[in-house]
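Trainee:
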Amino acid sequence: MCCWLAVIAGAPALAASGGMLSIAVSTRTPALGDPVVVEVSANGAVDNLVLRWKRAAWPMREIVPGRYEGLIGVDLDDPVGPAVVAAEGLLGGARVRAEVEVTISPRKFAVQELTLPKGMAEFDNATLVRIGAEAAELSRRFSRVTPPRWRTPFLPPVEEYRPANFGARRVINGHPRMPHSAVDITLPAGTPVRAIADGQVAFAAEQFFGGRSVVIDHGGGVFSVHFHLKDFSVAEGQEISRGDRIGSVGATGRATGPHLHFGVRVPGGRVDPTRLFALPGR
Ligand SMILES: [Zn+2]
Numbered sequence: 030m031c032c033w034l035a036v037i038a039g040a041p042a043l044a045a046s047g048g049m050l051s052i053a054v055s056t057r058t059p060a061l062g063d064p065v066v067v068e069v070s071a072n073g074a075v076d077n078l079v080l081r082w083k084r085a086a087w088p089m090r091e092i093v094p095g096r097y098e099g100l101i102g103v104d105l106d107d108p109v110g111p112a113v114v115a116a117e118g119l120l121g122g123a124r125v126r127a128e129v130e131v132t133i134s135p136r137k138f139a140v141q142e143l144t145l146p147k148g149m150a151e152f153d154n155a156t157l158v159r160i161g162a163e164a165a166e167l168s169r170r171f172s173r174v175t176p177p178r179w180r181t182p183f184l185p186p187v188e189e190y191r192p193a194n195f196g197a198r199r200v201i202n203g204h205p206r207m208p209h210s211a212v213d214i215t216l217p218a219g220t221p222v223r224a225i226a227d228g229q230v231a232f233a234a235e236q237f238f239g240g241r242s243v244v245i246d247h248g249g250g251v252f253s254v255h256f257h258l259k260d261f262s263v264a265e266g267q268e269i270s271r272g273d274r275i276g277s278v279g280a281t282g283r284a285t286g287p288h289l290h291f292g293v294r295v296p297g298g299r300v301d302p303t304r305l306f307a308l309p310g311r
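Using our numbering, read the sequence shown as starting at 30 and increasing by one per residue.
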């Protein structure tokens, strides 16, 4: 059993049949942008086990018989306050549920004022249509939920991981824009980029904002996003192992210089990759 589980949070729930389900979380006070590891234990095998978070159901991974793990998160734009994480399933034929309340705490994000040439900040209609279609296509990829393949610890996508700008509230040429939902890592063009965990390539193509972009599905609703690549060496559908080279740092798309824009999506939203890499290994 790992360190983060030292504090067992949440009361065990007793099923009518006497089956018992309990739930524990890696933190009960996650801040905006924090990932949360959830562990569920039962005194028997649980059928149809799902993790309930933010009005959706997510699959969990069996670690050993009767013990399951899931990864959820608090989106950088979520409201602060109490929220409930629950697990539900069938144990000995009876419905069981266990839940734990967490308190989402605020986090201060930087405000970043950027001045960009007009051509990088204002777009004609055809470009706006392209941007909208590309965003819709990416969210379609993010909506697929496959069996969990990720494992802690996650591997940073570059050897010299120096993150900046997560959650930055951006003001571009005086106009407030969406918060920056990823980190930017400034590195020379050509620096190798690698997979943070096992998975399957869910998207590998060129986009207006992201330039050459790769999204990897790590299962269970967990995705990693890599933008502005100089090149990529993977194709959609390809199976990927943790540490595999997927491409290299570049400045394609809307980028002012070579850097890796790296984001992570988990059930519940966009989380701070740096907090993900801080999760201890099992
Ligand atoms: Zn970025």
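Even for Gly, the Cβ is constructed at its ideal location relative to N, Cα and C.
What you are looking at is a predicted structure, and each value in this text was computed from that prediction instead of being measured.
Reducing DSSP to helix, strand and coil, say where Phe-237 ends up.
Mentor: As a working note, residue 237 is residue 208 in the sequence shown. In the structure shown, Phe-237 sits in coil (DSSP, three-state: anything other than H, G, I, E or B).
Trainee: Suppose the cutoff is 7 Å on Cβ atoms and the five residues either side in sequence are ignored; what does the same chain contact list for Gly-62 look like?
Mentor: Start at 1 with the first residue of the sequence shown, and residue 62 comes out as number 33. Excluding sequence neighbours, Gly-62 sits near Val-103, Leu-105, Arg-136, Phe-195, Gly-196, Val-300, Asp-301, Arg-304.
Trainee: Among Arg-311, Gly-297, Gly-310, Ala-307, which residue has its Cα nearest to the Cα of Arg-84?
Mentor: Numbered from its first residue, the sequence shown carries residue 84 at position 55. It is Gly-297 whose Cα lies nearest to the Cα of Arg-84.
Trainee: Following a CB-centred definition, is Asn-194 positioned closer than 7 Å to any heavy atom of ligand 1?
Mentor: On the sequence shown, residue 194 is found 165 positions in, with the first residue counted as 1. Yes.
Trainee: With Lys-147 as the anchor, note down where its alpha helix (DSSP H) starts and where it stops.
Mentor: On the sequence shown, residue 147 is found 118 positions in, with the first residue counted as 1. That run of the alpha helix (DSSP H) goes 147-150.
Trainee: So the candidates are Arg-169, Gly-219, Gly-266; which of them puts its Cα closest to the Cα of Val-187?
Mentor: The sequence position of residue 187 within the sequence shown is 158, counting from 1. Looking at the Cα atoms, Gly-219 is the closest of the given residues.
Trainee: Would you tell me roughly how many angstroms separate the C-alpha atoms of Ala-40 and Asn-72, rounded to the nearest one?
Mentor: Your numbering for residue 40 matches position 11 in the sequence shown. Your numbering for residue 72 matches position 43 in the sequence shown. At Ala-40, the pLDDT of 45 sits below 50, so the modelled position is not reliable; the number obtained from the coordinates is stated separately. The straight-line gap from Cα to Cα measures roughly 15 Å.
Trainee: Span of the alpha helix (DSSP H) holding Thr-303?
Mentor: Counting from 1 along the sequence shown, the entry for residue 303 is found at position 274. Residues 302-306.
Trainee: According to the neighbour-count rule (16 or more other Cβ atoms, all chains shown, within 10 Å of its Cβ), is Thr-132 buried or exposed?
Mentor: What you label residue 132 is simply residue 103 of the sequence shown in a count that begins at 1. Thr-132 should be labelled exposed.
Trainee: Based on Cα-Cα distance, which residue from Val-230, Ala-226, Val-254, Gly-239 lies nearest to Gly-310?
Mentor: Your numbering for residue 310 matches position 281 in the sequence shown. When each option's Cα is compared against that of Gly-310, the closest is Ala-226.
Trainee: For His-290, verify whether its CB is less than 7 Å away from any heavy atom of ligand 1.
Mentor: In the sequence shown, counting from the first residue as 1, residue 290 sits at position 261. His-290: yes, Cβ under 7 Å from ligand 1.
Trainee: From the DSSP output, in three-state form, read off Thr-215 for me.
Mentor: For the purposes of this step, residue 215 is identified with residue 186 of the sequence shown, where counting begins at 1. Looking at Thr-215 - three-state DSSP - the assignment turns out to be strand.
Trainee: For Ser-51, tell me which candidate among Ala-150, Ile-269, Ala-116, Asp-153 has the shortest Cα-Cα distance.
Mentor: Translated into positions along the sequence shown, residue 51 becomes position 22. Ser-51 has its Cα closest to that of Ala-116, out of Ala-150, Ile-269, Ala-116, Asp-153.
Trainee: Leaving aside the five residues before and after Ser-242 along the sequence, list all residues of the same chain whose C-beta is less than 6 Å from its C-beta, in chain order.
Mentor: Locating residue 242 in the sequence shown gives position 213, where the first residue counts as 1. Within the same chain, Ser-242 has close Cβ partners Gln-236, Phe-256.
Trainee: Which residues in the same chain have their Cβ closer than 7 Å to the Cβ of Asp-107, if we skip the five residues on either side of it in sequence?
Mentor: Counting from one through the sequence shown, the residue named residue 107 turns up at place 78. Within the same chain, Asp-107 has close Cβ partners Leu-61, Ile-133, Gly-298.
Trainee: Drop a sphere of 10 angstroms on the beta-carbon of Asp-213, count the other beta-carbons inside from all chains shown, and report buried for 16 or more, exposed for fewer.
Mentor: For the purposes of this step, residue 213 is taken as the residue at position 184 of the sequence shown. Burial call: buried.
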